[in-house]
Every structure is written in C-alpha cells, then in structure tokens.
Amino acid sequence: MIELFINGRGFFVKEGTTAAAAVLTCGTAQFRSSVTGEPRAPLCGMGICYECRLTIDGVQHARSCRIMATEGMRIETT
Amino acid sequence: MRAVIIGAGIVGAACAYELQREGFQVTVCDPGVIGGGATAAGMGHLAVMDDSPAQFALTSYSQALWRELAEELPPTAEILPCGSLWIAADAEEMAEVHRKFAYYSERGIPVEVLDSQQLAEAEPHLRPGMAGGLLMSADGVCYPPCAAEWLLRSVSVIRARVVRLAEGEVTLDRGSRLEADVIIVANGTAAVDLFPDLPLAPRKGHLLITDRYPGWLRHQLIELGYLKSAHSTTADSVAFNAQPRATGQILIGSSRQFGAVNGEIDPPMLARMLQRAFEYMPGLAQLASIRTWTGFRAATPDKLPVIGHAPGYSTVYLATGHEGLGISTSLATAKLLADQLMNRESRIPREPYLPGRSYSHD
Ligand SMILES: Cc1cc2nc3c(=O)[nH]c(=O)nc-3n(C[C@H](O)[C@H](O)[C@H](O)COP(=O)(O)OP(=O)(O)OC[C@H]3O[C@@H](n4cnc5c(N)ncnc54)[C@H](O)[C@@H]3O)c2cc1C
Ligand code: FES
Chain A
1 MIELFINGRG FFVKEGTTAA AAVLTCGTAQ FRSSVTGEPR APLCGMGICY
51 ECRLTIDGVQ HARSCRIMAT EGMRIETT
Chain B
1 MRAVIIGAGI VGAACAYELQ REGFQVTVCD PGVIGGGATA AGMGHLAVMD
51 DSPAQFALTS YSQALWRELA EELPPTAEIL PCGSLWIAAD AEEMAEVHRK
101 FAYYSERGIP VEVLDSQQLA EAEPHLRPGM AGGLLMSADG VCYPPCAAEW
151 LLRSVSVIRA RVVRLAEGEV TLDRGSRLEA DVIIVANGTA AVDLFPDLPL
201 APRKGHLLIT DRYPGWLRHQ LIELGYLKSA HSTTADSVAF NAQPRATGQI
251 LIGSSRQFGA VNGEIDPPML ARMLQRAFEY MPGLAQLASI RTWTGFRAAT
301 PDKLPVIGHA PGYSTVYLAT GHEGLGISTS LATAKLLADQ LMNRESRIPR
351 EPYLPGRSYS HD
C-alpha cells in the first residue's frame with residue numbers, strides 16, 4: 001500500500017493506482033471547479049479531456065488520470 | 001453626415017465610436033467578426049513608449065483616453081491595471097532604465113526604478129540576478145476584441161468586404177454600393193489592397209497562452225533587450241514578453257518576422273521565442289500551454305501609424321500602420337481623425353502621422 005495525502009488528509013491506496021483513481025476511491029467526486037464554478041471530475045481517463053486536473057505535489061493543472069500515485073504524494077482538489 | 005468605416009478592428013471601432021459621438025451616421029464594413037483581425041491576435045498591452053517623440057505623444061495621449069474609457073467598459077474588456085515592468089538584464093540595460101526614468105518623469109508619467117532585489121520581490125519567478133527594472137504603473141492590459149465590440153455596440157456593422165474605393169463611395173463584395181461623406185480606411189495590413197502605394201509591411205508575430213495560474217505573474221513584463229531587437233526593421237527577432245490576464249492566464253510573446261506570408265505556426269520561431277522566455281522566467285516551462293497562434297502587425301518604415309486625409313481624395317481618410325501598438329494608440333488615432341474632419345486643433349501635433357509624410361527612418 002502507498003500512503004498519500006488528499007487535501008491534507010492521509011489515505012492508503014494500492015500500488016498501481018492512478019492519482020485520479022486514488023482521489024475517487026478516497027471519496028472525492030469533485031476534482032476541481034470550472035471557470036463558471038461547475039463541479040468537474042475525470043471523463044476520458046486517458047489524458048485528452050483535461051477534466052481531471054488537480055494540483056499534485058505543487059504542480060497545478062496536472063492531469064491526474066495520467067499520473068501514478070506515489071508514496072507521500074500531496075494532492076489538492078481546486 | 002454619413003461615414004463609412006472599412007474594418008472593424010480596434011482602430012475602425014474606435015473611429016466609429018468617435019465619429020458617432022461627433023454626430024455622424026456611421027456604418028462599418030468588415031467581412032469577418034468584430035475584432036477578428038490583428039485585434040484578436042495581439043496582446044492587449046496598453047503601453048506608453050518612447051522610441052520617438054511622436055510615438056510618446058500618441059501613446060501617452062491614448063493611455064489617458066483608455067483610462068477614461070475604462071470606467072465605462074464592461075468586464076469582458078478585461079481591463080487590468082497591472083503596470084508594465086521593463087526588465088534590465090545587465091548594466092547597459094540598466095543605463096537605459098535610468099534614461100527612460102528621466103524622460104518619463106520629466107513628462108509626468110508615473111515611473112519607478114527598481115533595483116535587483118526590488119525587481120525580484122515584484123516578480124518572484126524572474127531569473128535571479130537581473131540588474132533591475134523600470135515600473136510604469138499607469139500601463140495596463142485589456143482584451144481588445146471585446147473592447148472593439150463595446151465601441152461598436154450601437155453602430156451599424158455590415159458583414160461585407162469593401163472591394164473598391166472611389167470618391168464618396170465604396171463598393172462591397174456583394175456588388176452593392178454605399179455612399180458617404182467621409183470614408184475611413186481602417187483595415188489594417190489589408191489597406192494596401194485599396195492603397196497599393198502605402199508603405200505597409202505585414203510583420204508576423206507568435207503568441208502562446210497558458211492555463212490559469214492566478215497570481216503567478218503580476219505585471220506585464222518586457223525585456224529591455226526588446227529595444228535592440230524590435231528596433232531592427234529588417235531582421236527576424238524574438239523578445240521576452242509576458243502578460244498576466246484577468247483570468248489568471250499568462251500570455252507569452254513575442255516574435256517579429258518580415259516576409260512571412262502565411263499565418264501558420266513556425267515551430268523553430270516559436271521555440272526561439274519560448275527559449276527566450278524561459279531564460280528570463282525558467283518557471284514558465286513548467287506551466288501548461290493551451291494555445292498558440294500568430295498575427296500580423298501593419299508595419300511602416302518609420303514605425304509610426306498612418307492617420308489622416310488620404311492624398312488624392314477629398315472624402316477618404318486613412319487609419320492604419322499601427323504595428324505593435326494599435327490597441328494602445330487606437331483611441332488617440334480616432335481623436336486625431338475626428339479633429340481633422342471637424343477642422344479643429346488636436347491635443348498633440350498631427351503632422352508626424354499624416355499619410356503624405358516622407359516615412360524616413362534612422
Ligand atoms: C502578436 C501581436 C502582438 C501585439 N501586441 C500588442 C500589444 O500588446 N499592444 C498593442 O497596443 N498592440 C499590439 N499589437 C498590435 C495590434 O494588435 C494592432 O496594431 C491592432 O490590432 C490593429 O488594429 P486594426 O483595427 O488596425 O487592424 P485589424 O484588427 O487587423 O482590423 C482590420 C479589419 O479590417 C478587416 N478588413 C480587411 N480588409 C477589408 C476590406 N477590404 N473591407 C472591409 N474590411 C476589411 C479585417 O477583417 C479586420 O477585421 C500586437 C499585434 C500582434 C500581431
Ligand atoms: S480524465 Fe480526461 S484528461 Fe484525465
């Protein structure tokens with residue numbers, strides 16, 4: 001298992017989980033807000049739609065469906 | 001009195017707005033959308049510049065007009081009073097900062113010299129070790145197509161191309177004709193289609209816009225090396241230019257190319273431009289880009305726009321050749337034209353911009 005932090009709270013996920021899947025399995029459905037304030041979450045799961053963007057280890061607009069969860073990763077929804 | 005304006009870019013829109021206020025019945029012709037030409041492609045930096053006394057007179061006059069108009073513009077015009085920061089990389093450029101400081105302060109423009117540390121505090125993402133900078137706090141930024149749309153909000157706009165120009169009359173591509181007491185040619189680089197002898201050359205530029213990173217960049221940044229590169233009227237050049245948008249996006253420029261005829265992205269030129277930007281702000285390379293595009297500036301040999309009565313006609317006036325400053329100078333351009341039409345003195349001398357001038361340059 002890998003420990004990571006979503007909005008500051010620690011969670012354990014299986015190795016081989018994407019950051020997007022980690023956030024979903026840990027119970028967060030709203031990844032970010034659109035420009036007009038609508039809730040947003042992953043759609044394509046393959047790096048095309050940009051709906052799954054999160055701040056990961058300080059990098060804004062990271063496409064979480066294309067990034068593997070790693071030990072100690074810090075994820076922020078926006 | 002009826003006026004027909006050819007072109008619905010920021011310059012045509014500003015002229016339409018001004019003439020309507022003078023009581024003209026105004027019609028604007030453009031085959032495309034409002035502000036869809038260079039006006040949509042540009043950066044929207046509202047700047048005062050001092051390459052020449054005439055450039056200073058026009059940009060500073062226009063900036064005062066933008067400041068007044070900003071009160072009325074809708075939020076879509078995205079007026080951002082962010083100020084400009086000219087970046088000096090070395091001692092030579094720092095000497096230019098001091099020269100500019102003296103020039104602008106003598107003329108009542110608010111300016112401030114920043115030393116190396118103050119500059120780093122003002123823009124933390126700049127490469128450390130810059131010599132310093134010049135802060136021009138009255139400069140700002142806008143979103144030009146929406147400003148143009150607002151200027152034209154109660155003007156009649158016909159979606160057609162003007163294919164022929166005659167005294168008191170234009171012919172549209174659909175064959176119909178429009179009569180007018182005054183015709184203003186404000187179709188940017190395409191003015192040469194109607195006036196083949198105008199010394200206008202299209203100067204291509206690339207821009208790139210990032211995703212939203214609110215607060216990442218605070219001022220419109222321009223490298224002072226720009227003075228060396230943009231001064232050249234023949235060679236291709238790039239210069240670091242970064243602009244914060246009201247949305248939190250960052251607009252990165254810029255390149256200048258002569259002789260390029262199609263608007264396609266030129267990857268080596270884009271790469272050169274970005275390389276230059278990363279030299280100044282290495283962190284930009286980590287941001288997500290969402291779009292790149294190009295546009296054409298209408299350049300004249302003496303780097304001043306062409307504003308005024310067209311030689312050989314009594315009813316035709318020109319308003320083009322604004323190169324990389326047409327957003328900034330559009331409002332003053334319209335005032336100078338209106339003054340000429342109404343036979344009034346202008347706030348600044350009109351001679352440097354008249355179409356019949358010699359266009360000589362150093
Ligand atoms: C990359 C780049 C960056 C820039 N950055 C800045 C900046 O930061 N600040 C600044 O002040 N300026 C900047 N500029 C310059 C500025 O964008 C232009 O000077 C300005 O937009 C010119 O406006 P315009 O109305 O003259 O031309 P345009 O916006 O090109 O409008 C001309 C219009 O005429 C229409 N037209 C053409 N032919 C005809 C015809 N025969 N009949 C009817 N209509 C016709 C076209 O469809 C077009 O809409 C930049 C330009 C570029 C390319
Ligand atoms: S879900 Fe579409 S890019 Fe990540």
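Chains as they are written, first to last, in our numbering: chain A, 1 to 78; chain B, 1 to 362.
We put the beta carbon where it would ideally sit given N, CA and C, even for glycine.
It should be emphasised that the depicted structure is a prediction, and the values quoted were computed from it without experimental measurement.
Against chain B, the beta carbon of A:Gln60 has neighbours under 7 Å at Tyr213, listed in chain order.
Ligand 1 has a heavy atom closer than 7 Å to the beta-carbon of B:Val162. In the DSSP assignment, B:Ile250 falls outside any alpha helix (DSSP H) and within the unbroken beta strand (DSSP E) covering 250-258. At least one heavy atom of ligand 2 lies closer than 7 Å to the C-beta of A:Glu51. Rounded to the nearest whole angstrom, the CA to CA distance from B:Arg21 to B:Lys335 is 11 Å. Rounded to the nearest whole angstrom, the C-alpha separation of B:Pro267 and B:Arg203 is 17 Å. By alpha-carbon distance to B:Pro31, the top candidate from B:Ser358, B:Gly9, B:Gln220, B:Ala95 is B:Gly9.
Nearest Cα to B:Thr292 within the set B:Glu279, B:Ala271, B:Gly283: B:Ala271.
Checking the DSSP bridge columns, you'll see B:His309 partnered with B:Tyr317.
Under the Cβ distance rule, B:Ala77 does not count among the residues neighbouring chain A, no pair being separated by less than 8 Å. Rounded to whole angstroms, the gap between the alpha carbons of A:Gln30 and A:Cys52 is 9 Å. For a Cβ distance threshold of 8 Å, residue set Val59 of chain A lies close to B:Gln286, ordered along the chain.
In the structure shown, A:Glu3 adopts extended strand secondary structure according to DSSP, grouped into three states.
For B:Met49, there is no enclosing beta strand (DSSP E), since its DSSP letter is neither H nor E. Distance from B:Leu287 to B:Phe278 at the Cβ level is roughly 11 Å; contact not present, criterion being Cβ atoms closer than 8 Å. Spatial neighbours of B:Pro81 in its own chain (CB-CB distance under 6 Å, excluding positions within 5 residues in sequence) are listed in chain order as Gly140. For the pair B:Arg218 and B:Ile87, the Cα-to-Cα distance works out to about 14 Å. Shortest Cα-Cα distance from B:Arg357 to any of B:Ala319, B:Val306, B:Ser62 involves B:Val306. Our two residues, B:Met136 and A:Glu3, have alpha carbons roughly 49 Å apart in a direct line. The criterion of a C-beta distance shorter than 8 Å is satisfied by B:Leu165 and B:Leu194. Looking at the DSSP output, B:Gln220 shares a beta bridge with B:Ser84. In the DSSP assignment, B:His206 falls outside any alpha helix (DSSP H) and lies within the beta strand (DSSP E) extending over 201-210. Proximity of the stretch 320-327 of chain B to the stretch 35-49 of chain B meets the contact definition, three or more beta-carbon pairs being nearer than 8 Å.
C-alpha of B:Glu93 to C-alpha of B:Glu106: approximately 20 Å in a straight line. Assignment of B:Glu68 by DSSP, reduced to helix, strand and coil, places it in the helix class. Taken atom to atom, the span from the alpha-carbon of A:His61 to that of B:Asp173 is near 46 Å. Going by beta carbons, B:Ile184 and B:Tyr317 fall inside the 8 Å limit. The closest CA to that of B:Thr210, considering only B:Ser330, B:Ser289, B:Ile5, is found on B:Ser289.
Under DSSP, the beta-bridge partners assigned to B:Trp293 are B:Leu207. C-alpha of B:Met273 to C-alpha of B:Met49: approximately 22 Å in a straight line. Secondary structure note for B:Cys146: its alpha helix (DSSP H) is the uninterrupted segment 144-151. With a threshold of 7 Å, the Cβ atom of B:Cys142 does not count as near ligand 2, since no heavy atom of the ligand is closer than that. Residue state for B:Phe24 is assigned as coil, using DSSP reduced to three classes. Assignment of A:Cys52 by DSSP, reduced to helix, strand and coil, places it in the coil class.
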